[in-house]
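Heads up: the structure comes next, in structure tokens.
Residue numbers (my numbering): 39 to 304.
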């Protein structure tokens, strides 16, 4: 059963055969992440865990997400922190079966940045500003930044962002590979869908298993790689795709080298 866009108050949903696009939709607070948005993201994840599809996440009105909702965050206490409200949903997003693409425009700060770090791909616009200013508010980036960010950009730059409050511009983020593409805002979503198209041309099972193996702990390799490849070697898609490759190669060779015994040749 497909997602029903009318069931969501903080997200705009578009679904296609191989992907779901989610737009964070709280423009009055620059798409700040509140409890309702977290709950609705869980609802999307529950669906994508049952029906694996590519996920594209972006924000409305030139902003990805300015962070967590400070009004709600100010009232949270120790027990709320121990629940891991944001970290739980970001881990769930990161573990979705199919790849996640974050299309970043404007502010991508705090919890918004941590949501972006949980994606498999990050692309942005020239106006992107990404970072974690939490220590300036007397808290820390506790929803994944302290461990994901150093894996993505290395410890020195991660400390600049987490301990010194550095907010990166798009060009800086591209230089350190925190994002991999920069596009003007009017074509950002087109670029995200182009990337999704490239993913969609791959075998879905091979993509799912590769993503899972990629994120396995170091001690699991190479055993997990070998076992996963064994599964794929038995898939029908492997036989069909390899046969199609061989047929195409054979047809090309035939067209490049016409048979010398063709009766029409003189």
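By construction, the Cβ of each residue, glycine as well, lies at the ideal position given by its N, Cα and C atoms.
Fair warning: this is a prediction, and the values are worked out from it, not measured in the lab.
query: Can you give the Cα-Cα distance for residue 301 and residue 294, rounded to whole angstroms?; result: With a pLDDT of 49 at residue 301, under the threshold of 50, the modelled position of this residue cannot be trusted; read the value that follows with caution. Between residue 301 and residue 294, the C-alpha separation is close to 17 Å.
query: Select from 214, 185, 250, 204 the residue whose C-alpha is nearest the C-alpha of residue 191.; result: 214
query: Quick check on residue 81: does DSSP put it in helix, strand or coil?; result: helix
query: Please classify residue 183: does DSSP put it in a helix, a strand, or coil?; result: helix
query: Check this for me: beta carbons of residue 97 and residue 148, under 8 Å apart or not?; result: no
query: Can you give the Cα-Cα distance for residue 89 and residue 243, rounded to whole angstroms?; result: 12 Å
query: If we require 4 or more residues per run, which alpha helix (DSSP H) segments fall completely within the region 219–265?; result: 226–238, 242–252
query: With a threshold of 16 other CB atoms inside 10 Å of the CB of residue 163, please say whether the residue is buried or exposed.; result: buried
query: On the three-state DSSP scale, how would you describe residue 289?; result: helix
query: Is DSSP giving residue 101 helix, strand or coil here?; result: coil
query: Check each candidate in 208, 66, 174, 185 and name the one with the smallest Cα separation from residue 165.; result: 208
query: Straight-line CA distance for residue 85 to residue 41?; result: 7 Å
query: Return yes when the C-beta of residue 121 is under 7 Å from any heavy atom of the ligand ZN, and no when it is not.; result: Among the ligands in the structure shown, none appear at all, so the ligand ZN cannot be discussed.
query: Which residues does DSSP pair with residue 52 in a beta bridge?; result: 59
query: So for residue 95, helix, strand or coil by DSSP?; result: strand
query: Evaluate the contact criterion for the region 105–118 versus the region 64–75: three or more CB pairs, one atom per stretch, below 8 Å.; result: yes
query: If you measure between the beta carbons of residue 211 and residue 177, is that distance less than 8 Å?; result: no
query: Under three-state DSSP, which class holds residue 159?; result: strand
query: Once the 5 residues before and after residue 286 are set aside, which same chain residues still bring their CB inside 6 Å of it?; result: none
query: Does residue 169 come out as helix, strand or coil in the three-state DSSP assignment?; result: strand
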